[in-house]
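S.K.: Chains as they are written, first to last, in the UniProt record's numbering: chain A, 1 to 199; chain B, 1 to 199. This structure is in structure tokens; I'll ask about it shortly.
2 protein chains.
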Amino acid sequence: MGTREEILAAAARIMRTEGYARATTKEIARAAGYSEAALYKHFEDKTEIFLRVLDEQLPGLPALLTRLEAGSGDLRGNLEELVVTAVRFYADSFPISASVFSSQRLLAAHRERLHRLGGGGPRTPEELLAGYLGAEQRLGRVAADADPTAMARLLLGASFQQAFLATFSGEPLSADGLADLARDLVGTVLGATPSDGGG
Amino acid sequence: MGTREEILAAAARIMRTEGYARATTKEIARAAGYSEAALYKHFEDKTEIFLRVLDEQLPGLPALLTRLEAGSGDLRGNLEELVVTAVRFYADSFPISASVFSSQRLLAAHRERLHRLGGGGPRTPEELLAGYLGAEQRLGRVAADADPTAMARLLLGASFQQAFLATFSGEPLSADGLADLARDLVGTVLGATPSDGGG
DNA sequence: CTAGGGTGGGTAAACACTCACCAACCGTCA
DNA sequence: TGACGGTTGGTGAGTGTTTACCCACCCTAG
């Protein structure tokens, strides 16, 4: 890992654990094991560091989504695994995403970057999941009158909010709790709750 | 409006529009029309100002939720109105809630406050909505095998995330778009999509 | 010898917070 | 009525600290 990547990793670590306010140039340099001046050999300014963290240091939810293949595996199982992954992903990335709201300048810069990158490239998680559900629908594994976009929004939205609440309250996400949550959410969205519904 | 309330309103305004990073004591004082020293006549320190903003300056989603009465009105209509209100509420409060993540100190202080206030008092939106749905279920207006908690999490979660995405992208929430969203989400959660399903 | 990547030790500005002071209002008392 | 003193809520001008950022310099590989 080069110096540049060490700096970005340190910045991401601090933002996750201490919050944006503590992610000062001095703290980042110390955590990365370099001097403050070194930051400026690799980045224009502090804003660029944060934008790079957002671009390069967030784990990939889209990666899992593009692996979803209609018709393969168990639909319910696929969706439950997706919810578990999504909650973990959101819980991980939330403290960093939230810091974008710390400054209007950061927010504006990040919006512009997303616009430029998002033009013809990867689509949003919502669109990817809706696409998958639509394909399953065409295969007859999802009710014909269902609304794939609404289903995607409900599942990802609930994952997002549950991750937010967990991060907020500081309680760790247990594997069991996550599995229960995933089963209940997927069961409700697919329309038929299995008979052994848990708490 | 007393000085104290003017200060809180100014702080909330700045956090909403400029972000936490710009919400300095100097800026708050200037926006409120007082000197910096005046802030410290009314508040212990800056942290207290932000905690009070969170307590007193956020609009009330719980208020709408407690007005929901099982058996009255149209179930679908009630839920759609709730979704519209929830998206607006979350979009309003997001920039302020997000700033809690700016500092571990703020986050810890806010957690403790929530714990103390939440001990025997008002419950969370999720619990209130699940309670309402359970009551409707007992009245036969919601399918007997449905999971009220999962339904509440899906509806509020999707509202939360859609509000986040709108705030993030900077696009305003149109009344029509919100109504469509609410109809699709509620229709999917209740299990039967109306025949005239829109885009 | 040069160039890229590193550092110690700065700088000016911004930060949260405080101090001595003051004006206006209060009930009291003659 | 009106002088008196205390409390409340306000201020201008600071304080020391922390911030992002930079300069002069250095070390080493090619």
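The C-beta atom is built at its ideal place from N, Cα and C for all residues, glycine as well.
(1) Examine chain A for any beta-carbon lying closer than 7 Å to the beta-carbon of B:Tyr20, and answer yes or no.
(2) Below 8 Å CB to CB, which residues in the same chain sit around A:Leu51 once its five sequence neighbours on both sides are set aside?
(3) Counting only runs of 4+ residues fully inside the stretch 47–95 of chain B, write out the alpha helix (DSSP H) ranges in chain order.
(4) Restricting to Cα atoms, I'd like to know which of B:Ala9, B:Gly177 and B:Gln137 is closest to B:Ile96.
(5) Please tell me whether A:Leu185 and A:Val83 are closer than 7 Å, where the distance is taken between their beta carbons.
(6) Restricting to runs no shorter than 4 residues, where is the alpha helix (DSSP H) found entirely within the stretch 113–166 of chain B?
(7) Can you find the residues in the same chain that come closer than 7 Å, C-beta to C-beta, to A:Gln57, ignoring five residues on each side of it along the sequence?
(8) With 8 Å as the limit, tell me which residues of the UniProt domain "HTH tetR-type" (1–61) of chain A have their beta carbon closer than that to any beta carbon of chain B; keep them in chain order.
(9) Would the stretch 121–135 of chain B and the stretch 37–54 of chain A be scored as touching if the rule is three or more Cβ pairs under 8 Å?
(10) B:Glu126: beta carbon under 6 Å from a heavy atom of the ligand SAM?
(11) Do A:Glu136 and A:Ala179 count as a contact pair if the criterion is CB distance below 7 Å?
(12) Flag A:Arg153 as yes if its beta-carbon sits less than 7 Å from any beta-carbon of chain B, otherwise no.
(13) Please state whether DSSP places residue 237 of chain A in a helix, a strand or coil.
(14) Using a Cβ-Cβ distance cut-off of 7 Å, determine whether A:Ser176 contacts chain B.
(15) Does the stretch 162–178 of chain A come into contact with the stretch 137–149 of chain A, if we say contact requires no fewer than three beta-carbon pairs (one atom in each stretch) closer than 8 Å?
(16) Tell me which residues share the same chain as B:Thr66 and place their Cβ nearer than 6 Å to its Cβ, disregarding the 5 neighbours each side in the sequence.
(17) Do A:Gly134 and B:Gln104 come within 7 Å of each other at the CB atom, strictly closer than that value?
(18) Does A:Ser99 come out as helix, strand or coil in the three-state DSSP assignment?
(19) Let me know if B:Asp55 comes out buried or exposed under the rule of 16 or more other beta-carbons within 10 Å of its beta-carbon.
(20) Are the beta-carbon atoms belonging to A:Leu64 and A:Thr85 less than 7 Å from one another?
(21) Under 7 Å between C-beta atoms, does B:Leu185 make it to chain A?
(22) Alpha carbon to alpha carbon, how far is B:Glu5 from B:Val53?
(23) Within a Cβ cutoff of 8 Å, which residues of the same chain sit near A:Tyr34, ignoring the five residues on either side of it in sequence?
(24) Residues in its own chain within less than 6 Å of B:Ala130 by CB, not counting five upstream and five downstream?
(25) Determine, using beta carbons only, whether B:Thr188 comes closer than 7 Å to chain A.
(26) For a contact defined as C-beta to C-beta under 8 Å, what are the partners of A:Phe160 on chain B?
(27) Going by Cα to Cα distance, which pick from B:Ala37, B:Tyr132 and B:Ser99 is closest to B:Lys26?
(28) Please report how far the alpha carbon of A:Phe101 lies from the alpha carbon of A:Asp45, in whole angstroms.
(29) Give the C-beta separation of B:Phe89 and B:Pro59 to the nearest angstrom, bearing in mind that I take them to be a contact with Cβ-Cβ under 8 Å.
(30) Roughly how many angstroms lie between the CA atoms of B:Arg116 and B:Glu48, to the nearest whole one?
(31) List the residues of chain B whose Cβ lies closer than 7 Å to the Cβ of A:Gly77, in chain order.
(32) Can you list, in chain order, the residues of its chain with a C-beta nearer than 7 Å to that of A:Val189? Leave out the 5 residues immediately preceding and following it.
(33) Just to confirm, are B:Val87 and B:Ser159 a CB contact at a threshold of 7 Å?
(34) Check the Cβ-Cβ distances between B:Ala70 and every residue of chain A, and say whether any is below 7 Å.
(35) Note down, in chain order, all residues in the stretch 75–105 of chain A with a beta-carbon under 7 Å from any beta-carbon belonging to chain B.
M.R.: Quick answer:
(1) yes
(2) Leu106, Ala109, His110 and Arg113
(3) 61–67
(4) B:Ala9
(5) In contact: A:Leu185 and A:Val83 (Cβ atoms closer than 7 Å).
(6) The qualifying runs are 125–138.
(7) Leu8, Ala9 and Ala12
(8) Thr17, Glu18, Gly19, Tyr20, Ala21 and Arg22
(9) Cβ pair count under 8 Å is below three, so no.
(10) Absence of the ligand SAM is noted for the structure shown, with no ligands found whatsoever.
(11) no
(12) Answer yes: the Cβ-Cβ gap between A:Arg153 and chain B drops below 7 Å somewhere.
(13) One cannot answer for residue 237 of chain A here, as it falls past the ends of chain A, which runs 1 to 199.
(14) Checking the displayed sequence, the identity of residue 176 of chain A turns out to be Asp instead of Ser. No - not a single Cβ of chain B is within 7 Å of the one on A:Asp176.
(15) no
(16) Excluding positions up to five away in sequence, the list is empty.
(17) no
(18) Helix.
(19) exposed
(20) yes
(21) It does; some Cβ of chain A falls within 7 Å.
(22) Roughly 10 Å separates the two Cα atoms.
(23) Thr3, Glu6 and Ile7
(24) Pro148, Thr149 and Ala152
(25) yes
(26) Gly157, Phe160, Gln161 and Phe164
(27) B:Ala37
(28) For the pair A:Phe101 and A:Asp45, the Cα-to-Cα distance works out to about 18 Å.
(29) 6 Å
(30) 16 Å
(31) Per Cβ cutoff of 7 Å: no residues; A:Gly77 is ~17 Å from chain B at best.
(32) Met151, Leu154 and Leu155
(33) yes
(34) no
(35) Pro95, Ala98, Ser99, Phe101, Ser102, Ser103 and Gln104
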